[in-house]
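Trainee: Adding 115 to a residue's 1-based position in the sequence shown gives its number in the working numbering. Where a beta carbon is used, it is the ideal one built from N, C-alpha and C, also for glycine. Since this is a predicted model, take the numbers as computed values, not measurements.
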Amino acid sequence: MMSFCPFQVPKDYTSRSLLVRYSIASKPTRHRCVTSHTKAKMSDWKPPKAGCPVWLGISTKDLSRAEAFYATVFNWTFKDAPRREDHQPDHHAKTRLFDLTPGGVALSGGLQHRPEDEGTGTPAAGPGGVCLYWLVEDLGRVAEVIVKAGGKMVGSAEPLKEGESGLYRYFEDTEGNVGGVYQMV
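Here is the structure:
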């Protein structure tokens, strides 16, 4: 399985997740996708169950700067969002699209207590909100790439343990958004 970032997903990593590619249609109520498993036609698409994640929106103050950061750190490619057919202003005018599905999206989640730096009581993951974690091969290497791309590592200077399964750290991108990077052990 290929990864969606420059760090290959470990060979023993498996997922039951459906791989989905989303693109925004010109009408906000219609979304189209192609499933990577079935290569279904756009017209064959059925919406997922209510409660399923269907969009990852990353807030930016500077689109170009944020695009450069994610292209450098996770090797993402970007394209313009489609414009409305009636040429009226819409939120897509300031949106650059990316696709997480070339290597597959393996997504699960959970509600969790906000992590804190050991001994300090300071939140490790910023002011709160949703935190997306990216799978990487080497936390040290990706931390260097994040810093070189203009981001910063936040929280504990040492990787945090997730039981015996993995290690993770938090980072802040160039726009102030906090994310996590996760390495399986």
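#1: Between the alpha carbons of residue 270 and residue 276, how many angstroms are there, rounded?
#2: Would you kindly report the start and end of the unbroken beta strand (DSSP E) that includes residue 373?
#3: Let me see if you follow: with CB-CB separation under 8 Å, is residue 193 close to chain B or not?
#4: For the candidate residues 182, 200 and 198, whose alpha-carbon lies nearest to that of residue 214?
#5: Taking buried to mean at least 16 other C-beta atoms within 10 Å of its own C-beta, is residue 260 buried or exposed?
#6: Taking just the CA atoms, how far does residue 200 sit from residue 283?
#7: Can you look up residue 294 in the DSSP assignment and give me helix, strand or coil?
#8: So, using beta-carbon positions, are residue 176 and residue 290 closer together than 8 Å?
#9: Can you give me the C-alpha to C-alpha distance between residue 191 and residue 245, rounded to a whole angstrom?
#10: Closer than 8 Å by C-beta to residue 274: which residues in its own chain qualify, once you throw out the five before and the five after it? Chain order, please.
#11: To the nearest angstrom, how far is the alpha carbon of residue 196 from that of residue 211?
#12: Alpha carbon to alpha carbon, what distance is there between residue 188 and residue 180?
#13: Are the CB atoms of residue 184 and residue 266 within a distance shorter than 8 Å?
#14: Where do the ends of the alpha helix (DSSP H) carrying residue 256 lie?
#15: Find the nearest neighbour of residue 172 within the set 198, 247, 186 and 164, judged by alpha-carbon distance.
Mentor: Walking through what the data contain:
#1: Counting from 1 along the sequence shown, the entry for residue 270 is found at position 155. Counting from 1 along the sequence shown, the entry for residue 276 is found at position 161. Approximately 13 Å, taken between the alpha carbons.
#2: Since the first and last residues shown for the chain are 116 and 300, residue 373 lies out of range.
#3: Within the model displayed, chain B is absent; a lone protein chain is all it includes.
#4: For the purposes of this step, residue 214 is taken as the residue at position 99 of the sequence shown. For the residues 182, 200 and 198, the minimum Cα distance to residue 214 belongs to 182.
#5: As a first step, residue 260 must be located in the sequence shown, where it is residue number 145. Classified as buried, residue 260 has 16 or more neighbouring CB atoms from the shown chains inside 10 Å of its CB.
#6: Working through the sequence shown from its first residue, we reach residue 283 at position 168. Working through the sequence shown from its first residue, we reach residue 200 at position 85. So the two alpha carbons sit approximately 44 Å from each other.
#7: Taking the sequence shown and counting its residues from 1, the one referred to as residue 294 is at position 179. It is a strand residue.
#8: Position 61 of the sequence shown holds residue 176. Position 175 of the sequence shown holds residue 290. Taking a C-beta distance under 8 Å as the contact criterion, residue 176 and residue 290 qualify as a contact pair.
#9: In the sequence shown, counting from the first residue as 1, residue 191 sits at position 76. In the sequence shown, counting from the first residue as 1, residue 245 sits at position 130. In a straight line, the C-alpha of residue 191 is about 21 Å away from that of residue 245.
#10: Your numbering for residue 274 matches position 159 in the sequence shown. Here the set comprises 254, 282, 283, 284 and 298.
#11: By one-based count along the sequence shown, residue 196 stands at place 81. By one-based count along the sequence shown, residue 211 stands at place 96. If I take the Cα positions, the gap works out to 6 Å.
#12: Here residue 180 refers to the residue found at position 65 when the sequence shown is read from its first residue. Here residue 188 refers to the residue found at position 73 when the sequence shown is read from its first residue. So the two alpha carbons sit approximately 12 Å from each other.
#13: Position 151 of the sequence shown holds residue 266. Position 69 of the sequence shown holds residue 184. The Cβ atoms of residue 266 and residue 184 lie closer than 8 Å to each other.
#14: For this step, residue 256 is matched to residue 141 along the sequence shown. Taken as a continuous stretch (DSSP letters only), the alpha helix (DSSP H) holding residue 256 covers 254-263.
#15: For the purposes of this step, residue 172 is taken as residue 57 along the sequence shown, with counting starting at 1. The candidate whose alpha carbon is nearest that of residue 172 is 247.
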